[in-house]
Each structure stands twice: as structure tokens, then as C-alpha cells.
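A.B. asks: Structure in C-alpha cells, see below.
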Amino acid sequence: GEDVEQSLFLSVREGDSSVINCTYTDSSSTYLYWYKQEPGAGLQLLTYIFSNMDMKQDQRLTVLLNKKDKHLSLRIADTQTGDSAIYFCAESEPPSAGTASKLTFGTGTRLQVTL
Amino acid sequence: DAGVTQSPTHLIKTRGQQVTLRCSPKSGHDTVSWYQQALGQGPQFIFQYYEEEERQRGNFPDRFSGHQFPNYSSELNVNALLLGDSALYLCASSGVNEKLFFGSGTQLSVL
């Protein structure tokens, strides 16, 4: 079955880069996602990458995918205190006809940004 | 354009009771998925509704049931509540084969 793993905690200083890592097991994954969750809130889609890509950049965010090692990372440049949150990696299988993607999430990485 | 809206935001129930949670999808979306997020965990897929039918289901018991209405809104029902059902229940909407957008969730506490 699918399994997604993340480290639990990361602490960085404001202005530094943050790198959050994720490994997954399902080789049929089509999309891999990064979601952000702030305290008491739902999930905000940050970015995603299709499995035939190896990198995607979106402003301060860079996603790297190593499909051979089933390793995904999210780099946040110039990390700010507002980036403090829990970050979830998720993967989805190809959806069947008439369905939307079903996501499998990791346990989340809590990012703490210190001054 | 309103995003995904869920109600209520918080709910307290006792063991054995039944609960109904509600979700209105983002405008233009016709598919609703429900996820359970226990404290300190990632969300887990419960089930998905499209065209008023359950299309996919995760590893949850039959105590968890749902419904989708003609206007695409959805309800999640949980019967015979257990302490372990305490969690944040998240609704997500999408068009078919499109990305999921999540609501802010309903925090359910079972005492």
C-alpha cells in the first residue's frame, strides 16, 4: 500500500533556507503535493509536481523530485516567521474514470522559524 | 468566490451519539472528498462523492457514511461515536481529475 514519510520537526532562522523532505513508496504516483497547515486551519495547497518532472520552481518555493529514490523535497528560500506551520507531503495515484484524486498524506513536518 | 465551507467549526458529542457534518464545495466543483485528521497525524481519506454516489472509500468502518446532494454539497455522518473519532474532519472539493481544495475543517470532540 501507499506510505508517505516525513521528518517531524525542522527549525531554521529567519532569512535562511528551509528544506523539508519526504519519501513515498507508491511507484504509480502521478502527482506529488505540498500542503501547508497553520494552527486551527485547513490545508492550503502550496505547490505540486507531476511525476515526470524533476523540478518545479514557484517564487520562493522549489520542489525537487527524485523518482528513482522516491524522494521529494520542498525548499523555501528566505524563510519568514509567517512560514511557521506544518507542511504535509501527499501523493496521489492516477484517478479512475469519474473520480478525483485520492491523496495519501505524510504525518507532517512542523517548521519553526526563529528570529 | 467562496472556497470550500464547512459547518459547524467545532462540535462536542458524547460516546454513542451520532453526528452530521456539512460541506459546501468551491464554486464549479462537483466532487467532494472527506478526510479525518487525528491530532499529530496527517489527514486520512474517508470517502469521495461524485454525482451523488460514493465513488471511493478508505479504510473506515460502516459507522461512517455520507451523502451528496444535487447542488454538490455533502454531509458526513458518524454513528455510535467512539472516543477515537475525535479529530479534525476536512472536506475537499475538486472537479474530476483536478486538484483538491480543502475547507478549514470541523473539530469534533467526543467525550
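Listed in order, the protein sequences are those of chains A and B. Residue numbering for the first sequence follows the numbering used here, beginning at 296 and increasing consecutively. Residue numbering for the second sequence follows the numbering used here, beginning at 6 and increasing consecutively. Glycine residues also receive a C-beta, built at the ideal position from the N, C-alpha and C atoms.
In whole angstroms, what is the alpha-carbon distance linking Gln11 (chain B) and Cys28 (chain B)?
C.D. replies: If I take the Cα positions, the gap works out to 4 Å.
A.B. asks: What distance in whole Å lies between the Cβ atoms of Thr320 (chain A) and Trp329 (chain A), which are believed to be in contact at a cut-off of 8 Å?
C.D. replies: The Cβ separation is near 18 Å, so there is no contact.
A.B. asks: Taking Lys397 (chain A) as the query, report the chain B residues whose CB atoms sit under 8 Å from its CB, ordered along the chain.
C.D. replies: Result: Ser38, Phe50, Gln53, Gln61 and Gly63.
A.B. asks: Drop a sphere of 10 angstroms on the beta-carbon of Asp90 (chain B), count the other beta-carbons inside from all chains shown, and report buried for 16 or more, exposed for fewer.
C.D. replies: The residue in question, Asp90 (chain B), is buried, as its Cβ has 16 or more Cβ neighbours within 10 Å.
A.B. asks: Classify Ile283 (chain A) as buried or exposed, calling it buried when 16 or more other Cβ atoms lie within 10 Å of its own Cβ.
C.D. replies: There is simply no residue 283 (chain A) to check, as chain A begins at 296 and stops at 410 in what is shown.
A.B. asks: Anything in chain B within Cβ reach of Ala336 (chain A), meaning under 7 Å, just list it in chain order.
C.D. replies: The contacting residues are Ser109.
A.B. asks: Contact between the stretch 79-89 of chain B and the stretch 19-27 of chain B is defined here as three or more beta-carbon pairs at a separation below 8 Å; is this criterion met?
C.D. replies: With the cut-off at 8 Å, the stretch 79-89 of chain B and the stretch 19-27 of chain B touch.
A.B. asks: With DSSP as the reference, label Gly377 (chain A) as helix, strand or coil.
C.D. replies: Reduced to three states, the DSSP call for Gly377 (chain A) is helix.
A.B. asks: Ignore the nearest five residues each way along the sequence and tell me which others in His15 (chain B)'s own chain have a CB closer than 6 Å to its CB.
C.D. replies: Here the set comprises Gln112.
A.B. asks: Using Cβ-Cβ distances below 7 Å, what residues of the stretch 316-330 of chain A are close to chain B?
C.D. replies: Within the stretch 316-330 of chain A, no residue has a Cβ that lies closer than 7 Å to any Cβ of chain B.
A.B. asks: Let me make sure I understand the geometry here. Which of B:Gly45, B:Pro66 and B:Val37 has the alpha-carbon closest to that of Leu87 (chain B)?
C.D. replies: Answer by Cα proximity: B:Pro66.
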